[in-house]
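Asks:
Protein chains in written order, with the numbering used here: chain A, 5 to 358; chain B, 5 to 358; chain C, 5 to 358; chain D, 5 to 358.
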């Protein structure tokens with residue numbers, strides 16, 4: 005029921021405002037007796053925090069993970085795993101002048117309409133900092149699923165108008181070595197150029213992330229309303245700034261004929277497989293054993309250095325201009341978030357199908 | 005929890021195989037004391053059944069709605085509204101030869117993996133006939149929301165490679181007068197041509213539906229995981245053959261700069277509005293009072309008259325060819341389904357926000 | 005979320021007013037491939053309908069079960085199993101004079117407060133006839149659990165002030181041979197006498213049902229809020245007229261000392277068991293492999309032939325007197341309902357623990 | 005879905021092992037803009053911790069509440085309210101010898117069967133210390149409901165075989181002045197005597213708590229499965245050591261005739277009321293505006309100083325004897341827990357009915 009809880013069997017209940025005590029959550033439904041690598045979870049937190057020095061804000065967040073329950077002698081108990089990551093630098097005064105202003109394409113106005121009272125400092129709960137909880141829960145899910153042979157790989161496929169070439173699935177090292185998490189080095193160079201131009205123009209850019217899920221066995225998913233792709237779509241569209249989701253042949257597939265788009269079955273080493281995979285590994289809401297893949301569109305960052313007109317809570321027209329450092333493009337930092345949400349969905353459905 | 009139930013406050017629990025006794029469901033959470041126009045609900049069932057004689061199968065379904073509970077003296081009781089629509093023509097023998105065959109890009113194989121035992125006749129529960137229940141529940145929601153000034157308008161924007169021109173929101177009559185539910189008559193003529201070509205080639209086509217929701221007040225939605233767009237995405241991606249969802253500027257927005265994509269606020273008659281609406285009426289997961297709109301990509305129909313290779317349950321390679329009449333393109337018939345799912349989401353969130 | 009849906013994995017969504025088209029529901033989450041004995045389900049419906057001619061109303065309900073979906077070639081599909089039982093004899097006029105009257109200790113007034121508009125005929129949805137859906141779903145659960153060696157046995161332990169002797173678990177035949185579903189023949193004779201006295205006084209009686217669940221393996225249940233006994237309590241207290249639930253030593257246990265009430269563990273044939281079972285088979289919310297048992301208190305039937313004072317919707321004081329036949333005591337008929345609710349809980353937890 | 009989450013609109017997700025970092029939780033669904041009295045919440049934590057020095061263990065818990073999110077400038081944000089209470093004194097070694105032993109009537113064995121890996125220190129998550137989270141959430145609910153005129157009063161009605169006299173609802177001060185939270189001073193003196201005898205015998209006692217809820221408006225509740233009494237029963241039976249629940253005339257009512265047990269309606273100052281209240285304020289699952297009241301039976305504490313036989317995880321028969329201080333009776337300390345659970349249910353239903 006709760007908008008701050010995700011999943012059915014494997015659940016994350018998330019909490020926290022960007023400038024409150026901490027961001028954290030409670031993971032419930034994680035199987036007992038699993039040896040957790042907490043250092044690997046911490047690494048995912050760091051992946052979310054940075055891509056390259058040039059494109060991300062320099063605010064030092066530290067972001068050390070504290071586990072409050074659910075792990076004993078290094079292994080999960082099957083009880084709720086509560087965690088928190090303390091917030092830093094909460095200089096409330098920095099935000100005083102934004103207190104009453106509805107920033108364009110931010111959640112200020114809509115949250116005011118819904119809640120009346122809101123924490124205006126750095127977006128409060130509407131800040132993208134809430135994704136930290138997702139990354140932690142996703143890291144737990146990825147570790148557990150890795151033991152079942154399921155692997156998640158996301159990377160940047162487009163920034164602004166620059167697209168990477170289609171390719172086979174890169175390895176994680178290749179992706180992390182790219183400052184933009186784009187393994188196509190030619191495209192990356194162009195993207196960096198685009199970002200530099202946008203930065204100079206005090207503007208921002210969006211982009212597209214592609215995600216591949218390997219190793220999902222056939223038969224995972226639910227019919228009708230909870231189709232695997234439907235839950236993935238919800239998970240992904242709940243990420244701040246995401247505004248498009250397509251899986252398999254997606255929007256391009258809408259232009260193809262059935263004879264082209266259909267995936268004929270064949271036998272490979274006596275096992276059923278498909279010759280092509282335009283279905284993106286899902287048919288009728290249920291996995292078919294092929295790779296599951298999808299694209300996510302992210303809008304450009306709403307905070308820009310250019311002057312914009314807007315309205316404040318006193319119904320006055322005002323002008324604003326973002327001050328200090330801010331991100332030109334957050335798409336590379338969204339890569340671990342996309343993986344995390346995908347992992348949470350797959351783990352939930354895996355446990356559901358058990 | 006259940007994959008056959010949608011919604012939290014306003015809920016539809018759906019049932020039925022395409023060749024069983026009936027398709028139906030139970031609507032729960034509908035407010036009491038509402039005078040229902042059942043004839044209008046029946047009309048929506050008919051809208052789902054046909055667009056034009058040329059493009060849809062001729063199987064006569066009749067599809068009369070029976071209400072089993074929840075309405076007394078013409079008004080809702082606040083108790084579950086159960087309904088059913090009887091199935092017809094269940095000549096099981098017609099399906100005997102498909103019994104063991106996994107049709108390409110159908111759910112046969114994946115359902116077999118999940119359930120072991122399945123009703124192979126006409127797709128069973130995986131048949132698009134299940135959408136009938138959605139249309140009924142959506143019709144109830146649309147009636148109730150209409151009294152709050154909320155209106156849903158969907159139409160065909162693309163079939164195969166032919167796109168309609170962007171335009172202001174057409175009225176329902178314009179849409180229904182088009183055999184393809186595409187109010188751009190120029191594009192429609194081209195689409196009909198494309199369909200004829202595909203029909204001759206024993207092939208099929210997909211397309212894109214656009215949906216506009218007018219009149220949603222500001223403040224509807226939930227933060228974090230249950231953002232309004234996330235729930236819409238899930239609802240829409242749960243429709244058979246849907247494989248892409250974008251709202252607001254969507255995938256195009258990923259190419260724009262922030263200065264272009266941002267929606268500046270302004271005062272119109274003393275009320276807060278946005279100058280542009282590339283956010284698609286939603287910011288931070290919550291409605292801002294502007295129109296909500298989105299696009300859905302549908303893949304081409306998987307059933308085609310051309311011969312295709314595939315595999316059967318005995319792990320033999322076989323060839324199949326669809327016999328008899330079948331739809332070249334079902335996108336126009338999906339229009340009321342898209343509206344229905346959107347209406348169910350908005351009604352659920354409306355009641356949640358109450 | 006919905007008040008008309010019970011369970012998490014194994015779910016029943018129930019519908020129906022007592023004088024509408026039918027009472028029915030949708031069972032979801034039932035595993036696929038199970039060969040269902042529908043005749044046995046029908047028998048449970050009959051068990052609910054009658055105990056003996058003397059004590060139940062003679063209204064002929066017929067109550068033939070129709071399955072609308074989810075079963076194909078005699079086996080479950082894993083898809084929703086929808087069913088209905090048609091209502092009969094809906095002579096609305098019989099109820100006209102009760103239309104505006106709030107009968108003492110009935111739901112008329114409270115439903116009016118909640119819903120405004122209600123079906124006053126025979127209690128509408130608040131009629132005990134809704135329990136028919138529970139009995140159907142419970143019968144499915146009992147069949148499935150029987151294959152796991154889990155068995156449910158409920159019987160009447162008290163009617164009015166007459167209590168049966170404690171005894172070992174009777175077999176179902178012994179219980180069904182008793183007109184009051186009380187296997188203690190001495191007590192039964194006394195109970196029949198009590199009932200006759202109450203009948204003559206145009207009054208009604210309540211009673212207590214005891215239920216034993218054998219064969220539940222250790223380890224079933226959930227911690228904290230969803231303890232096995234908590235869910236059983238909810239399931240049982242949702243039965244119309246139930247107003248008390250105790251498991252294990254219950255209210256008597258509150259008087260005992262720990263040294264008496266504790267169940268020491270011992271080894272029986274190398275397996276862990278308890279010497280006594282005052283815990284009722286549950287410790288810390290989770291089954292310990294011993295029998296689970298509980299008592300349910302039912303209040304006397306609210307409808308009586310004696311004149312009572314009450315108020316109508318026009319805020320007038322009025323007198324009422326029930327006409328025609330009506331039950332003096334419904335406790336024996338509640339036996340299959342108690343078993344059904346217990347079976348639904350155990351099946352849900354069994355699937356959850358899988 | 006999750007066993008560690010309670011409620012639908014107003015939700016508590018609870019976490020924590022008794023000897024881990026902390027006990028805490030996340031409250032979701034609390035309305036925004038409410039001025040919280042955190043000192044009053046802290047007082048409820050203290051109420052749970054002590055009744056009198058004689059009957060409770062002396063372990064100093066301190067138990068200072070930390071709020072981690074959801075409150076800004078003293079008012080709720082409508083976002084999740086996360087909180088924690090640090091654990092103290094976690095000397096793990098004290099528990100080493102109980103590591104492998106299944107204490108009689110404790111959760112050791114059943115948790116081992118369910119989870120395999122468990123935190124054996126002080127009961128881990130199965131410790132009654134988890135009720136701290138309930139008391140916090142309940143304190144928030146009580147504050148909010150107090151503004152609607154709804155009030156919760158629970159007290160001790162029975163300890164061992166000593167019962168208090170029935171009486172009108174005492175005020176909170178009277179209850180808190182009693183070391184046993186029993187406002188009947190005569191009974192209290194006897195209870196103290198009983199407790200002293202049990203203490204000397206190294207034994208323990210259980211008891212009964214009575215709870216009254218005043219001010220609930222008519223029309224609150226849900227039909228069929230989620231009846232108000234059903235949800236209360238679940239909430240209450242989820243409290244550690246609770247093993248019986250009855251509302252209204254309860255088990256005694258099962259002995260009464262309908263003419264005695266029925267609550268006739270009458271007009272009081274032009275408003276509908278009942279002459280008696282044996283229905284406990286609920287009819288057909290929905291409140292009727294009268295006081296809601298219920299009794300809870302608690303079993304005697306399972307930990308006793310007497311020697312008991314049991315079994316360990318190596319399947320050896322062993323003898324155990326609790327060392328050090330431990331509670332002879334925890335019933336008085338359960339009073340605020342009972343109130344908390346009742347308040348959580350009423351708040352959830354209040355918001356649901358809104």
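Built from N, CA and C at the ideal position, the CB exists for glycine as well. From a predicted model like this one, the values you see are computed outputs, not experimental measurements.
Only counting the same chain, and skipping five residues up and downstream in sequence, which positions put a Cβ closer than 7 Å to that of residue 366 of chain B?
Replies: The first residue shown for chain B is 5 and the last is 358, placing residue 366 of chain B beyond what the model contains.
Asks: Of all the CB atoms in chain D, is at least one closer than 8 Å to the CB of residue 79 of chain B?
Replies: For the purposes of this step, residue 79 of chain B is taken as residue 75 along the second chain, with counting starting at 1. Output row for residue 79 of chain B: interface = no.
Asks: Using a Cβ-Cβ cutoff of less than 7 Å, which residues in the same chain neighbour residue 192 of chain C once the five nearest sequence positions on both sides are dropped?
Replies: Residue mapping note: residue 192 of chain C aligns to position 188 of the third chain, counting from 1. The residues are 182, 184, 186.
Asks: Three-state secondary structure (DSSP) at residue 54 of chain B?
Replies: Counting from 1 along the second chain, the entry for residue 54 of chain B is found at position 50. Residue state, collapsed to three classes: coil.
Asks: Can you find a C-beta in chain D that's less than 8 Å from the C-beta of residue 231 of chain B?
Replies: For the purposes of this step, residue 231 of chain B is taken as residue 227 along the second chain, with counting starting at 1. So, not an interface residue.
Asks: To be precise: take each residue of the region 6-17 of chain B, compare its Cβ to all Cβ atoms of chain C, and keep it if any distance is under 9 Å. Which residues remain?
Replies: Listed by position, the residues of the region 6-17 of chain B near chain C (Cβ gap below 9 Å) are 6, 7, 8, 9, 11, 12, 13, 15, 17.
Asks: Less than 8 Å between CB atoms is the rule here; does residue 227 of chain C satisfy it with respect to chain A?
Replies: Your numbering for residue 227 of chain C matches position 223 in the third chain. So, interface residue.
Asks: At a threshold of 7 Å, does residue 247 of chain B count as lining the ligand PLP (C-beta to nearest heavy atom)?
Replies: The ligand PLP is absent from the structure shown, which contains no ligands of any kind.
Asks: Is the Cβ of residue 58 of chain B closer than 8 Å to any Cβ of chain A?
Replies: As a working mapping, residue 58 of chain B is identified with position 54 in the second chain. Only weak support is given to the placement of residue 58 of chain B: the predicted model assigns it a pLDDT of 41, under 50, and the question is left unresolved by the model.
Asks: Would you say residue 120 of chain D lies against chain A (beta-carbon separation less than 8 Å)?
Replies: Looking up residue 120 of chain D in the fourth chain gives position 116. For residue 120 of chain D, the answer is yes, since a Cβ of chain A falls inside 8 Å of its Cβ.
Asks: Please state whether DSSP places residue 91 of chain A in a helix, a strand or coil.
Replies: Your numbering for residue 91 of chain A matches position 87 in the first chain. If DSSP states are grouped into helix, strand and coil, residue 91 of chain A belongs with coil.
Asks: Assign residue 345 of chain D to buried or exposed, taking buried as 16 or more other Cβ atoms, counted over all protein chains shown, within 10 Å of its Cβ.
Replies: For the purposes of this step, residue 345 of chain D is taken as residue 341 along the fourth chain, with counting starting at 1. Residue 345 of chain D is buried by the Cβ-count criterion.
Asks: In whole angstroms, what separates the C-alpha of residue 244 of chain C from that of residue 46 of chain C?
Replies: As a first step, residue 244 of chain C must be located in the third chain, where it is residue number 240. As a first step, residue 46 of chain C must be located in the third chain, where it is residue number 42. Their Cα atoms are separated by approximately 22 Å.
Asks: Which residue's Cα is closest to the Cα of residue 278 of chain C: D:34, D:215, D:107?
Replies: Stepping through the third chain from its first residue, residue 278 of chain C is reached at position 274. Nearest of D:34, D:215, D:107 to residue 278 of chain C, Cα basis: D:107.
Asks: Rounding to the nearest angstrom, what Cα-Cα distance links residue 62 of chain D and residue 217 of chain C in this structure?
Replies: Along the fourth chain, read from residue 1 onward, the residue named residue 62 of chain D stands at position 58. Along the third chain, read from residue 1 onward, the residue named residue 217 of chain C stands at position 213. Annotation note: pLDDT 45 at residue 62 of chain D (below 50); position unreliable, coordinate value reported separately. Spanning the two alpha carbons is a distance of roughly 40 Å.
Asks: Might you give, ordered along the chain, the residues of its own chain that have their beta carbon closer than 7 Å to the beta carbon of residue 276 of chain D, omitting 5 neighbours on each side?
Replies: Counted from its first residue, the fourth chain places residue 276 of chain D at position 272. Counting only Cβ-Cβ distances below 7 Å, and skipping sequence neighbours, we find 269.
Asks: Counting only beta-carbon separations shorter than 8 Å, does residue 351 of chain D have a partner in chain C?
Replies: Counting from one through the fourth chain, the residue named residue 351 of chain D turns up at place 347. For residue 351 of chain D, the answer is no, since every Cβ of chain C falls outside 8 Å of its Cβ.
Asks: Hey, how far is the Cα of residue 49 of chain B from the Cα of residue 350 of chain C?
Replies: Walking along the second chain from the start, residue 49 of chain B turns up at place 45. Walking along the third chain from the start, residue 350 of chain C turns up at place 346. One C-alpha to the other measures close to 39 Å.
Asks: Sorted by chain position, which residues of the same chain lie with C-beta nearer than 6 Å to residue 32 of chain A's C-beta, five sequence neighbours on each side aside?
Replies: Your numbering for residue 32 of chain A matches position 28 in the first chain. Result list for residue 32 of chain A: 15, 84, in chain order.
Asks: Could you give the uninterrupted runs of the beta strand (DSSP E) lying entirely in the region 268-302 of chain C, keeping only those of 3 residues or more?
Replies: Correct list: 269-272, 275-278, 296-302.
Asks: I want to verify the contact list: residues of chain A whose CB lies under 7 Å from the CB of residue 358 of chain C, in sequence order.
Replies: The sequence position of residue 358 of chain C within the third chain is 354, counting from 1. In chain order: 358.
Asks: For residue 36 of chain A, I'd like the list of residues in its chain whose CB is within less than 6 Å of its CB, leaving aside the five on either flank, ordered along the chain.
Replies: Within the first chain, numbered from 1, the residue matching residue 36 of chain A stands at position 32. Here the set comprises 80, 81, 82.
Asks: Among residues of its own chain, excluding the 5 on either side of residue 322 of chain C, which ones have a beta-carbon nearer than 8 Å to its beta-carbon?
Replies: Position 318 of the third chain, counted from the start, is the residue given in the question as residue 322 of chain C. If we look at residue 322 of chain C and ignore the five residues flanking it on each side, its Cβ neighbours are 105, 313, 314, 315, 316.
Asks: Which of the three DSSP states, helix, strand or coil, is assigned to residue 175 of chain C?
Replies: Position 171 of the third chain, counted from the first residue, corresponds to residue 175 of chain C. If DSSP states are grouped into helix, strand and coil, residue 175 of chain C belongs with coil.
Asks: Just to confirm my understanding: we take residue 144 of chain A, look at its own chain, exclude 5 residues before and 5 after, and list those with CB closer than 8 Å. What are they?
Replies: Residue numbering aside, residue 144 of chain A sits at position 140 when the first chain is read from its first letter. Once the five neighbours on either side are set aside, the close Cβ partners of residue 144 of chain A are 31, 34, 40, 45, 85.
Asks: Output needed for residue 171 of chain B: all residues of its chain with C-beta closer than 8 Å, excluding positions within five of it in sequence on either side, in chain order.
Replies: As a first step, residue 171 of chain B must be located in the second chain, where it is residue number 167. Taken in chain order, the residues that qualify are 187, 188.
Asks: For the region 313-331 of chain B, which residues have a CB atom closer than 9 Å to at least one CB atom of chain D, in sequence order?
Replies: From the region 313-331 of chain B, no residue has a Cβ closer than 9 Å to chain D.
Asks: Would you list the one or two residues that DSSP bridges to residue 80 of chain D?
Replies: On the fourth chain, position 76 is the one that residue 80 of chain D refers to. According to DSSP, which records beta bridges pairwise, residue 80 of chain D is partnered with D:75.
Asks: For my contact list, residue 308 of chain D and residue 288 of chain C are in at a C-beta cut-off of 8 Å; report their separation, rounded to the angstrom.
Replies: Counting from 1 along the fourth chain, the entry for residue 308 of chain D is found at position 304. Counting from 1 along the third chain, the entry for residue 288 of chain C is found at position 284. That pair is no contact at about 17 Å.
Asks: Mapping DSSP to helix, strand and coil, what is residue 255 of chain A?
Replies: The sequence position of residue 255 of chain A within the first chain is 251, counting from 1. Note: residue 255 of chain A maps to helix in three-state DSSP.
Asks: Is the separation between the beta-carbon of residue 240 of chain B and that of residue 335 of chain B shorter than 8 Å?
Replies: Within the second chain, numbered from 1, the residue matching residue 240 of chain B stands at position 236. Within the second chain, numbered from 1, the residue matching residue 335 of chain B stands at position 331. Not in contact: residue 240 of chain B and residue 335 of chain B (Cβ atoms no closer than 8 Å).
Asks: Who are the near neighbours of residue 225 of chain B in its chain, counting only those whose CB is closer than 7 Å to its CB and skipping five residues on each side?
Replies: The sequence position of residue 225 of chain B within the second chain is 221, counting from 1. These residues qualify, in order along the chain: 231, 232, 286, 289, 290, 291, 353.
Asks: Under 8 Å, do residue 73 of chain C and residue 20 of chain B count as touching if we go by C-beta distance?
Replies: Counted from its first residue, the third chain places residue 73 of chain C at position 69. Counted from its first residue, the second chain places residue 20 of chain B at position 16. Yes, these two residues count as a Cβ contact at 8 Å.
Asks: Along the chain, where does the beta strand (DSSP E) containing residue 323 of chain B start, and where does it finish?
Replies: Here residue 323 of chain B is taken as the residue at index 319 of the second chain, counted from 1. Residues 321-324.
Asks: Under 8 Å, Cβ to Cβ, is there at least one residue of chain B near residue 131 of chain C?
Replies: Taking the first residue of the third chain as 1, we reach residue 131 of chain C at position 127. Answer no: the Cβ-Cβ gap between residue 131 of chain C and chain B never drops below 8 Å.
Asks: Between the Cα of residue 361 of chain D and those of A:164, A:54, A:24, spot the shortest distance and give me the residue it belongs to.
Replies: No answer is possible for residue 361 of chain D: the residues shown for chain D start at 5 and end at 358.
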